[in-house]
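Read top to bottom, the protein sequences are chains A and B.
The numbering used here applies: residue 1 is where the first sequence begins, and numbers increase by one.
The numbering used here applies: residue 89 is where the second sequence begins, and numbers increase by one.
Don't be surprised by glycine CBs; every beta carbon is placed ideally from N, CA and C.
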Amino acid sequence: MSVLWIVILIILGVASFLCLFRIFRGPTIADRMVGVDIMGILFVGITAITGILYNLSFLVDIAIALALISFVGTLALAKYLERRTLDD
Amino acid sequence: MTEVTVVDIIGYIVIFVGVVFDLLGAIGLVRFPDVYNRLQSATKSVTLGTFGIMIGILIVAGFTPLGIKALICGVFLLLTAPVSAHALSRGSLRFGAKMWKGTVIDSYGKDKLGGPQIESEEGEAKESKEKDDEVA
């Protein structure tokens, strides 16, 4: 079954590199923010899969914290994108 | 641990389906023409794919602490990812990101922003390149 885990992690890595391509290449700043958001959700999945692969329970805790940070960060970036300020 | 049961195989299949959804969402993020299409493709399928990964981990691990925490993480993701995608699309429309030129209707732009935010046929590539330089 280790081949299956390697294939899954390679597919998730390819998906992360596609997001990275969009972050580098995106025409506007909004495209880059979309890429960062999607890449955060992908990293949550990668961390959880690493947790079940090595049977380490605390990696799923890290995945929960990562999802929370990604959510709050994306909300802050969207607010900044809407007004270009952070003061209201 | 070396023996693979039927429940494990079902869990592996669910995880693999979720990973394939993730990959398709990332391909859509690269291939679609404007911000809103990219957001629509990527957010929906990547959210469902990661939720599938979490459900597969729950099936493989059973009701151990790892499985319960994976379920909590999946439900949290399912609740928060649409909220952040909505905020991001609203912010990019207020920012002035133009829609693709094949877009049919833009009711929000017509009502609130004084005109549909659909890009014209020519001159958009130059303008977006200028905006890119300004950002960089």
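Restricting attention to A:Gly45, A:Val44, A:Asp37, the CA atom closest to the CA of Ala130 (chain B) is found in A:Asp37. Of all alpha-carbon atoms in B:Leu146, B:Val171, B:Thr191, B:Val95, the one lying nearest the alpha-carbon of Lys132 (chain B) is that of B:Val171. Residue burial annotation: Ala65 (chain A) is exposed, with fewer than 16 other C-beta atoms found within 10 angstroms of its C-beta. By DSSP's assignment, Ile206 (chain B) forms a beta bridge with B:Met187. Residues of chain B with a Cβ closer than 8 angstroms to the Cβ of Phe24 (chain A) do not exist; the shortest Cβ-Cβ separation is about 11 angstroms. Between Cys19 (chain A) and Ala114 (chain B), the beta carbon gap of about 6 angstroms places them in contact (Cβ cut-off 8 angstroms). Under the 9 angstroms criterion on CB atoms, Ile98 (chain B) is classed as non-interfacial with respect to chain A.
For chain A, the residues of the stretch 100-117 of chain B that bring a beta carbon within less than 8 angstroms of one of its beta carbons are Tyr100, Ile103, Phe104, Gly106, Val107, Val108, Asp110, Leu111, Gly113, Ala114, Ile115, Leu117, in chain order. For Gly190 (chain B), the closest alpha carbon among the candidates B:Gln205, B:Phe139, B:Ser177 is that of B:Gln205. If you draw a straight line from the Cα of Ala67 (chain A) to the Cα of Val192 (chain B), it is about 35 angstroms long. When C-beta atoms of the stretch 107-122 of chain B are compared with those of the stretch 133-143 of chain B, three or more pairs fall below 8 angstroms, so the two segments count as touching. Straight-line measurement puts the Cα of Lys186 (chain B) at about 43 angstroms from the Cα of Phe58 (chain A). Counting the other Cβ atoms within 10 Å of the Cβ of Thr47 (chain A) gives 16 or more, which makes it buried. The three-state reading of DSSP puts Val105 (chain B) in helix, counting H, G and I together.
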